[in-house]
Amino acid sequence: MVVYYQIAGKQVGSHVLAMGVMGTLFGGIFLSTRGGGQKKQATPPIQASSKDEEKFIQPIPFPYSLNIGTDIVHLPRILRLINRPDYLHRFTRRILHEQEQQDFRTRFSLLPPSSGAEKAEPSAITPDMARWLAGRFAAKEAARKAAPAGAASLGWKDVIVRVGEVDQGRPEIVYLDPLSGSGSSEGRVGKLSISHDGDYVVATVLAAG
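Residue numbers (this note's numbering): 90 to 298.
Printed below as a string of structure tokens:
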């Protein structure tokens, strides 16, 4: 038997009232005062406090004093630069240490600037030259970024890219002391990785902080 009750001026059946009571107990359904319909009541989300976040996020300081630097070079850009009239030697003198300049001339059979033949014919400039110089430029930029005092603390000639004497001849970075002059044979070594992929050269340096 259905019994009707007067609630807020409306007649509500006992079966509807029972459903409303059950919905209230289970947290989510309440009795509507209009037409005896039913609505869902959204459960408020649980907000995590800052103390709860601290329990899950506990950063541990990096245990080693290391710096990392990386740089990417677009190979066609270097090729365009060194193909400018009289620009090859200017570019190499600007970014390469004296030892690296000698390595470059030996590798590509170029005469030293002191011979008076500073101009390189366009036919003598090859993609291999651009690739070699792009690798050196990217490595030096990455090494400067990995320097303890930042890139502004070092110039291009303050770091040397060379083939390591160990590790199967892998390339490495040597940080020279700017105060000791360009003729210094001492330097701090950093780890270097160079990757070539199509028109791009990427270098990464890991150095002590």
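Ideal Cβ positions, reconstructed from N, Cα and C, are used throughout, including at glycine.
>> By the three-class DSSP mapping on this structure, what secondary structure does D160 have?
In response: Reading the sequence shown from its first residue, position 71 is the one you call residue 160. Three-state DSSP puts D160 in a strand.
> My guess is that K229 and V250 are in contact by the Cβ rule of under 8 angstroms, so how many angstroms apart are they, rounded?
Replying inline: Counting from one through the sequence shown, the residue named residue 229 turns up at place 140. Counting from one through the sequence shown, the residue named residue 250 turns up at place 161. With a Cβ gap of about 7 angstroms, K229 and V250 count as contacting.
> Any chance the CB of G244 is under 7 angstroms from a heavy atom of the ligand PLP?
Replying inline: The ligand PLP is not part of the structure shown, which contains no ligands of any sort.
> Ordered along the chain, which non-local residues of its own chain (more than five positions away) have a Cβ less than 7 angstroms from that of A223?
Replying inline: Looking up residue 223 in the sequence shown gives position 134. Excluding residues within five positions, the ones whose Cβ falls inside 7 angstroms are V162, L164, I167, V290.
> Between which two residues does the beta strand (DSSP E) containing G276 stretch?
Replying inline: Start at 1 with the first residue of the sequence shown, and residue 276 comes out as number 187. It spans 276–286 - the beta strand (DSSP E) in which G276 sits, taken as one unbroken run.
> Is the beta carbon of L265 sitting closer than 8 angstroms to the one on V278?
Replying inline: Here residue 265 refers to the residue found at position 176 of the sequence shown. Here residue 278 refers to the residue found at position 189 of the sequence shown. No, they are not a contact pair.
>> Below 8 angstroms on the Cβ atoms is my contact criterion, and I expect G298 with L155 to pass it. Report the Cβ-Cβ distance as a whole number of Å.
In response: Residue mapping note: residue 298 aligns to position 209 of the sequence shown, counting from 1. Residue mapping note: residue 155 aligns to position 66 of the sequence shown, counting from 1. Confirmed, Cβ separation roughly 6 angstroms.
>> Between T159, R259, Q188, which has its C-alpha nearest A232's C-alpha?
In response: On the sequence shown, position 143 is the one that residue 232 refers to. Among T159, R259, Q188, the Cα nearest to that of A232 is on T159.
> Within this structure, are the beta carbons of N172 and I214 separated by less than 8 angstroms?
Replying inline: To locate residue 172, count along the sequence shown from 1; it is residue 83. To locate residue 214, count along the sequence shown from 1; it is residue 125. Result yes, Cβ atoms of N172 and I214 sit closer than 8 angstroms.
> Who does I146 pair with in a DSSP beta bridge?
Replying inline: In the sequence shown, residue 146 corresponds to position 57, counting from 1. DSSP, once it has assigned bridges, lists no residue as partnering I146.
> How many Å lie between L199 and R182 at the Cα?
Replying inline: Locating residue 199 in the sequence shown gives position 110, where the first residue counts as 1. Locating residue 182 in the sequence shown gives position 93, where the first residue counts as 1. For L199 and R182, the distance between alpha carbons rounds to 14 angstroms.
> If you run the structure through DSSP and keep just helix, strand and coil, what is A236?
Replying inline: Residue numbering aside, residue 236 sits at position 147 when the sequence shown is read from its first letter. Residue state, collapsed to three classes: coil.
> On the three-state DSSP scale, how would you describe L168?
Replying inline: Along the sequence shown, read from residue 1 onward, the residue named residue 168 stands at position 79. Helix.
>> With a threshold of 8 angstroms on Cβ separation, who are the neighbours of G276 within its own chain once the five nearest residues in sequence on each side are excluded?
In response: As a first step, residue 276 is located in the sequence shown; it is residue number 187 there, counting from the start. For G276, where only same-chain residues beyond five positions count, the Cβ hits under 8 angstroms are I249, V263, Y264, L265, D266.
> Out of V252, T195, G287, Q188, which has the shortest C-alpha to C-alpha gap to P216?
Replying inline: The residue you call residue 216 lines up with position 127 of the sequence shown. Residue G287 is the option with its Cα nearest to P216.
>> My output table needs one value for I214: the three-state DSSP class, helix, strand or coil.
In response: Your numbering for residue 214 matches position 125 in the sequence shown. Three-state DSSP puts I214 in coil, outside helix and strand.
> If you follow the alpha helix (DSSP H) that L199 is part of, which residue opens it and which one closes it?
Replying inline: The count along the sequence shown starts at 1 and reaches residue 199 at position 110. It is not in any alpha helix (DSSP H) - L199 carries neither H nor E in the DSSP assignment.
> Residues in its own chain within less than 8 angstroms of L243 by CB, not counting five upstream and five downstream?
Replying inline: Mapped onto the sequence shown, residue 243 falls at position 154. Closer than 8 angstroms at Cβ, skipping near neighbours: A232, R233, A236, Y264, P267.
> In whole angstroms, what separates the C-alpha of K280 from that of A296?
Replying inline: Here residue 280 refers to the residue found at position 191 when the sequence shown is read from its first residue. Here residue 296 refers to the residue found at position 207 when the sequence shown is read from its first residue. Roughly 6 angstroms between the two C-alpha positions.
> Identify the residues that DSSP records as bridge partners of E261: which are they?
Replying inline: On the sequence shown, residue 261 is found 172 positions in, with the first residue counted as 1. Answer by DSSP bridge pairing, in chain order: R251, K280.
>> Tell me which residues share the same chain as R259 and place their Cβ nearer than 8 angstroms to its Cβ, disregarding the 5 neighbours each side in the sequence.
In response: Working through the sequence shown from its first residue, we reach residue 259 at position 170. Here the set comprises V252, G253, L281.
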